[in-house]
Amino acid sequence: MKAPVIGIDLGTSNSVVSVVIDGEPVVIPDETNRTIQPSAVSFLANGKIIVGYKAKERLLIDPLHTISYVKRLIGRRFDDPDIQKAIRLSPYPIVRGEDDFPRIICYDIDYTVPEISAMIVRRMKQIAEKFLGVPVEQAVITVPANFNDFQRNETKLAGELAGLEVLRIINEPTAAALAYGYKRGEKMTIAIYDFGGGTFDITILRLNNTLFEVLSTAGDTFLGGEDFDRRLLEYMMVAFKHQSGVDLSNDKMAIQRMKALGEKVKIELSDRKRVKAQVKELTTGADGPMDFNFSITQEGFRERCSDIVERTFEVCDEALGLAGIRKREIDCVILVGGTTRIPFVREMVELHFGNSAFREINPDEVVAIGAGIQASILGRDFDEESSEQLMQAPLLLDVTPQSLGILTVGGMMDVVITRNSVIPTEQTRYFTTAYASQDRALIEVFQGESRNARENLKLGEFELNGLSVDERAKIGITFEIDTNGIVKVRAKDDVTGAEQQVQIRLNTSDGRTIENPWM
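First residue of the sequence shown? That's 13 in my numbering, and the numbers climb one at a time after it.
See the structure below:
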């Protein structure tokens, strides 16, 4: 019997692990029978590291050494505006690493973002092993559909650092669609509205029996439920200043306690019209400890946060346009992610699409279920199965979320693979050097939609030497995107046969190096 392959939804706020047993997906509970684990890591002074619920509890008592929402940092360079925003809001120190990617400091040790993520993945692996009673060595891990090449590579690295062979990186909305369509055998056009703790994705997908064909995808990797928490936090800080005259802007402990209260209030507002809450001894003033009393209605919450939901509709309309689909052609809207539990979010989504949202699968678990199904498919030994079983296995046709190309004359990006191309794919385009007798060429690779290359994400560069000098060299640039959405690029001079490709080296802070081919 082959060892089971697990599916992991590595989320911004929470993570979930699943497996298929006897043909049915199972969301795996921990030792206390909880299926959802907070994506939080806490470092203790004695060197111990704890992950999950116990770590989340320490956000209030030791925010300096407790890491949450790390997914918002993964695969981003230190100078990225979103990283700078995270630094301003984060209670724990984030610094620049030697490779220009962020490092997180805890007790004078600097950790890479993939290392922190690996601790969460390792916790999910341990939960699965305890439940299954056997070692787990392979997994499928989900990512937001709009994740770029760096973010996918670092997520894959996190799985490897956790001791797993990552068989596939799968887009979260695609996983949700797989969970929805598994064994249904239907024909329909689906919109997967995925609003998680830190990211938003929309995917338009056509389901035809066992064929899952992604028509388009779009998203915002820095938009999610945490933005609602932040709005509540800002509102509460203003309310406290109005009540007491005290500004909490520089009181990190009070802010952390207030943020935890905001998250609790947000959840309670899903079931109650009004929520009243209190924090005892939130801070200390001139006259001693100061309490905070707070009240908000569902309607007040909606007024302060509805524009966040409106931002998602801009992305939805973009995806519909890319797919060439009108809203009335959508047969079903699937809600994914904990943020879709908020009543006014569901109402606004249904109003925007003019369609009732599908709610039969737990939105917190649906992505992990899909990952588990894909893991089961990849883990099968089809040589031992009948052709009929093979034909019944779901087939995913996913797309690349962003265009890929190279820098050309005038600072423009010349696209080689366009956005929403079906993956895996390989495309070659030919370019000539700027002038004759040029014996080398610097090839800079970018990912994004701007015509101006410098406005896109630079994935890297490499130099092709030994070019023909008798005339302007003709160089074939080949981009390859695998089923994980990870990129490889190579260049070849057809005259001299000179060829070059590059490998990215992903370094951990303890000096280990893992080589991932990307160019």
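Glycine residues also receive a C-beta, built at the ideal position from the N, C-alpha and C atoms.
Quick caveat: nothing in here was measured; it's all calculated off a predicted structure.
How about residue i and residue j: are their beta carbons less than 8 Å apart?
i: F458; j: Q512; result: no
i: V287; j: E280; result: yes
i: G231; j: T201; result: no
i: I181; j: V148; result: no
i: Q386; j: L71; result: no
i: L469; j: N262; result: no
i: F370; j: Y119; result: no
i: F224; j: L407; result: yes
i: I354; j: S307; result: no
i: K142; j: E43; result: yes
i: L217; j: I204; result: yes
i: D410; j: I418; result: no
i: V178; j: I139; result: no
i: L471; j: V499; result: yes
i: I493; j: I455; result: no
i: V481; j: D451; result: yes
Once DSSP output is grouped into helix, strand and coil, what is the label at residue i?
i: E396; result: Residue placement at E396 is poorly supported in this model, since its pLDDT is 49, which falls under 50; the coordinates still yield a value, given next. Correct three-state label for E396: helix.
i: I132; result: helix
i: T520; result: Bear in mind that the predicted position of T520 carries a pLDDT of just 38, short of 50, making it unreliable; the figure below should be weighed with that in mind. Coil at T520, not helix or strand.
i: Y81; result: coil
i: K292; result: strand
i: K60; result: coil
i: A52; result: strand
i: E149; result: coil
i: M403; result: Residue confidence is low: M403 scores 45 on pLDDT, short of 50, so the model does not pin down where it sits. No coordinate-derived value is stated.
i: A15; result: coil
i: K285; result: coil
i: G384; result: helix
i: E184; result: helix
i: D329; result: helix
i: G488; result: strand
i: R88; result: coil
i: T508; result: coil
i: D494; result: coil
i: I33; result: strand
i: G422; result: helix
i: V155; result: strand
i: Q138; result: helix
i: S318; result: helix
i: A191; result: helix
i: V379; result: helix
i: E127; result: helix
i: I40; result: coil
i: I389; result: helix
Considering just the uninterrupted stretch of the alpha helix (DSSP H) at residue i, what are its terminal residues?
i: Y442; result: Counting along the chain, Y442 falls outside any alpha helix (DSSP H), though it belongs to the beta strand (DSSP E) covering 437-444.
i: M265; result: 264-280
i: K168; result: 161-173
i: D94; result: 93-101
i: T229; result: First-last for T229: 223-232, but that is the beta strand (DSSP E), not the alpha helix (DSSP H).
i: S307; result: Run containing S307: none in the alpha helix (DSSP H); it sits in the beta strand (DSSP E), 300-309.
i: F113; result: Unbroken run through F113: none, as it is neither H nor E.
i: K66; result: 65-69
i: R196; result: Unbroken run through R196: none, as it is neither H nor E.
i: P355; result: 355-365
With 16 as the cutoff for other CB atoms within 10 Å, does residue i come out buried or exposed?
i: L101; result: exposed
i: V250; result: exposed
i: G422; result: exposed
i: N221; result: exposed
i: P366; result: Looking at the sequence itself, residue 366 is Gly, so the reference to Pro does not match. Answer is exposed; the Cβ neighbour count stays below 16.
i: L402; result: Its pLDDT being 43, under 50, L402 is placed unreliably in this model, and the value from its coordinates should be taken loosely. The residue is exposed, with fewer than 16 neighbouring Cβ atoms inside 10 Å.
i: H77; result: buried
i: I95; result: buried
i: S368; result: exposed
i: E166; result: buried
i: V146; result: exposed
What residue range is occupied by the uninterrupted beta strand (DSSP E) comprising residue i?
i: A203; result: 199-207
i: A453; result: 452-459
i: Y247; result: It is not in any beta strand (DSSP E) - Y247 instead sits in the alpha helix (DSSP H) that spans 237-256.
i: L217; result: 212-220
i: K470; result: 469-477
i: D122; result: 121-124
i: I346; result: 344-348
i: R108; result: 106-108
So with Cβ pairs under 8 Å, would you call residue i a contact of chain C?
i: P75; result: In summary, chain C is missing from the structure at hand, where a single protein chain is found.
Quiz item: Below 8 Å, can you find three or more Cβ-Cβ pairs linking the stretch 109-128 to the stretch 83-98?
Solution: yes
Exercise. Tell me, please, whether the stretch 184-192 touches the stretch 210-230 by the rule of three or more beta-carbon pairs shorter than 8 Å.
Key: yes
Quiz item: Between the stretch 478-488 and the stretch 91-111, do at least 3 Cβ pairs fall closer than 8 Å?
Solution: no
Quiz item: Do the stretch 343-351 and the stretch 301-313 make contact, defined as three or more Cβ pairs closer than 8 Å?
Solution: no
Quiz item: Is the stretch 370-382 close to the stretch 20-28, with three or more CB pairs under 8 Å?
Solution: yes
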